[in-house]
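So the mapping is simple: the working numbering equals the position in the sequence shown, first residue as 1, plus 1407. In what follows, a structure is listed as structure tokens, so that the remarks can point back to it.
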Amino acid sequence: MPSKELVKVLLCKILWPGKKENNIEIEFAPEDEEILKNTVDFISFSYYMSVAAAHDPENYTSGRGNVLGGIENPYLEKSEWGWAIDPVGLRLVLNDFYDRYQLPLFIVENGLGAKDVLVDGPDGPTVQDDYRIDYLQKHLVQVGQALQDGVELWGYTTWGPIDLVSASTAQLSKRYGFIYVDRNDDGSGSLARYKKKSFNWYKEVIATNGDSLYQD
């Protein structure tokens, strides 16, 4: 996309979506195009959930999100923190971003925050986090669908490899990692690390280049 067209998209579709309704004029000086040339090689973004909207939100149940709220989508499952689980939404976002900007994309964060419980396993303490495996498997399948749609995707990384304090809630009990860290919200715990069930599952996904996602 030419830089001049890119700035129009950024201003008209993102920064000022209501410019026509509010009679907003966006100025584009000749030197702006030179400044914008070759400034963006790819677009990276995080995806955890989708958020629904309504023109009369007071008539609906409020939904929960990370930065922005919205209304609850009754057709989607939710995490323990009320975040809508929407794998198909990721495919739609990938297609929309690629169609809009015509630049390679990179998913830098995708994962499920949950209250993991440490249990005894055959090889020591572990977490049977089948819910996390289900979340990631469904989202990665949709990533594969987006690739078949023609989206140019450079990479995908989960959030995150190891449990840490959640930036959205300041809780360690909201766990995302493949590795459990023995630490609680009150600061207690030994900081010992234990592999969750999802650790070896994701290792297999990487080793098979995603083929294991489609195995029963």
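Just so you know, even glycine gets a beta-carbon here, dropped at the ideal spot from N, CA and C. Computed from a prediction, not measured in an experiment: that's the story for all the values here.
### Query
Is I1450 near L1510, with beta carbons less than 8 Å apart?
yes
### Task
Could you check which residue in V1458, T1615 and F1513 has the C-alpha nearest to that of G1562?
F1513
### Task
Compute the Euclidean distance between the alpha carbons of L1571 and D1541, then round it to the nearest angstrom.
21 Å
### At least three beta-carbon pairs within less than 8 Å, the segment 1577-1589 to the segment 1598-1605
yes
### Task
Evaluate contact between the segment 1489-1497 and the segment 1451-1458, counting only Cβ atoms and requiring at least three cross-stretch pairs below 8 Å.
yes
### Query
Who are the Cβ neighbours of V1447 in its own chain at under 7 Å, not counting the five residues just before and after it?
L1510
### Query
Per DSSP, what kind of secondary structure is E1479 in: helix, strand or coil?
coil
### Task
Out of L1579, R1600, A1599 and L1499, state which residue places its alpha-carbon closest to the alpha-carbon of N1591.
L1579
### Query
Quick one: what's got a C-beta closer than 6 Å to K1545's C-beta in the same chain, skipping five residues either side?
P1494
### Query
Do S1486 and G1528 have their C-beta atoms closer together than 8 Å?
no
### Query
Mapping DSSP to helix, strand and coil, what is V1458?
coil
### Message
I'd like the list of long-range same chain contacts for Q1552, defined as Cβ closer than 8 Å, with 5 residues on each side in sequence excluded.
### Response
Answer for Q1552: R1498, listed in chain order.
### Counted within 10 angstroms of its Cβ, other Cβ atoms place V1534 as buried (16 or more) or exposed
Answer is buried; the Cβ neighbour count reaches 16.
### Query
What is the DSSP secondary structure of K1581, counted as helix, strand or coil?
coil
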